[in-house]
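All residue numbers for the sequence shown refer to the numbering used here, where the first residue is 28 and numbers rise by one.
Below you'll find the structure, written out as structure tokens, and then a few comments.
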Amino acid sequence: MYDWGKTNIVNAIMDEQHFNNLDFACPMVLNTGELIQKFEYTENSITIKFRQKDNKPAKRFELSGSLHQHLHGGFNNLDFNHTGVFESVLSICERFHLNPFFIALENLEMGVNVKPPFNPTALIENAYCVGTSLFTDMKNKNHKKVGAECNGSALTKLYNKKLQLCPVLQLDHELMRYELKFKRMRTPQQIAGIYTMADLLNPLSYQYMANYLSLSLDKILFLNQEPTRKPFSIADQRLIENWKNPFYITNRMRDNPQMFRRERYRYFELIQNNEENESYQFKKLVRSKIIEMSQFDRMTIKKINAYSNLFDS
Numbered sequence: 028m029y030d031w032g033k034t035n036i037v038n039a040i041m042d043e044q045h046f047n048n049l050d051f052a053c054p055m056v057l058n059t060g061e062l063i064q065k066f067e068y069t070e071n072s073i074t075i076k077f078r079q080k081d082n083k084p085a086k087r088f089e090l091s092g093s094l095h096q097h098l099h100g101g102f103n104n105l106d107f108n109h110t111g112v113f114e115s116v117l118s119i120c121e122r123f124h125l126n127p128f129f130i131a132l133e134n135l136e137m138g139v140n141v142k143p144p145f146n147p148t149a150l151i152e153n154a155y156c157v158g159t160s161l162f163t164d165m166k167n168k169n170h171k172k173v174g175a176e177c178n179g180s181a182l183t184k185l186y187n188k189k190l191q192l193c194p195v196l197q198l199d200h201e202l203m204r205y206e207l208k209f210k211r212m213r214t215p216q217q218i219a220g221i222y223t224m225a226d227l228l229n230p231l232s233y234q235y236m237a238n239y240l241s242l243s244l245d246k247i248l249f250l251n252q253e254p255t256r257k258p259f260s261i262a263d264q265r266l267i268e269n270w271k272n273p274f275y276i277t278n279r280m281r282d283n284p285q286m287f288r289r290e291r292y293r294y295f296e297l298i299q300n301n302e303e304n305e306s307y308q309f310k311k312l313v314r315s316k317i318i319e320m321s322q323f324d325r326m327t328i329k330k331i332n333a334y335s336n337l338f339d340s
């Protein structure tokens, strides 16, 4: 579920000798030959960076990358549960001789992959907003649109993994990813007490974040979704037609926020239980996957407790 981001290795200044065996690269300006005092080492989807000036001791070491990709050979199209998080954290900390309690998280990504029974292109095109923040195009490294993203309290991403990974990895099935990226750690800290890499292993914190990811689906508005098959009033019929028009929604959002929230609530009431809507199917799949990824293995929890105790002694 976690896909991580960037951290600060708090005790790296004291333990700088742990990195003596790593072959850090220092970039150079081609035109002048000047060396940029920014050193970087990458191994198995994990990057360690530090800056150094005039041969003075480095003041900050950063560790960045993806826990998911680190465990699965550079890709994140497979499932990644709580046990996988532990195995990845353990691998990183043992490889670089780090204490997970001293690796402070500066941002965090989390999400799940689902296999929809439909081509996800139309649903992604209909992703319109999260709350009052609008979706924009999400592109891969080749500048090809693969999904939609919305920059609100968290960066919400909804994209087609099959398109994103092509041509590096060819998938024989449709695969959608729903993901939240917290650019700041305020929300994970407040709702789950997540400050360090060690906190990612806490089952209770993991469950709090899983619940948050599930509830966040309720904020997404998809266009062109049909109401449940039952008689409804002329006013509701007019509302459904209006909310198929993005210009109407944007104007409501801007000119009358209170009415926008009221109409949105009613719109969700009318469409949320229609199993023929792709948005309904997608949200149901995501929530089922989150529940599946939140199943805890007793043996893993015992290993986490034993591992944590090593740093208390």
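We put the beta carbon where it would ideally sit given N, CA and C, even for glycine.
Between TYR186 and VAL173, the gap from beta carbon to beta carbon is short of 8 Å. Per DSSP, the continuous alpha helix (DSSP H) segment holding ILE119 begins and ends at 109–123. A distance below 8 Å separates the beta carbons of GLU136 and GLU206. Residue pairing of PHE77 in beta bridges, as defined by DSSP: PHE66, PHE88. Non-local beta-carbon contacts of LYS271 in its own chain, meaning distances under 7 Å to residues more than five positions away in sequence, involve LEU250, ASN251 in chain order.
Per the coordinates, the alpha-carbon of GLN191 lies some 8 Å from the alpha-carbon of LYS166. Taking a contact as a CB-CB distance under 8 Å, the pair PHE338 and ASN126 counts as one, their CB atoms being some 6 Å apart. In the same chain as ILE331, and ignoring 5 residues on each side of it, the C-beta atoms closer than 7 Å to its own belong to PHE113, LEU228, in chain order. Taking C-beta atoms as the reference points, THR277 and ALA131 fail to come closer than 8 Å. In the three-state DSSP reduction, VAL313 falls in the helix class (H, G or I). The beta carbon of HIS109 sits closer than 6 Å to those of TYR233, PHE323, all from its chain and outside the five residues before and after it, given in chain order. Distances from the CA of PHE46 to each of ASP30, PHE259, PHE77, TYR334 were compared; the closest alpha carbon is that of PHE77. The straight-line gap separating the alpha-carbon atoms of THR148 and LEU248 is approximately 16 Å. Taking C-beta separations shorter than 7 Å and ignoring five residues to either side along the sequence, the partners of PRO273 in its chain run TYR155, LEU250, following chain order. DSSP, read as helix, strand or coil, puts ILE261 in helix. The beta-bridge partner set that DSSP reports for CYS156 consists of LEU161, LEU248.
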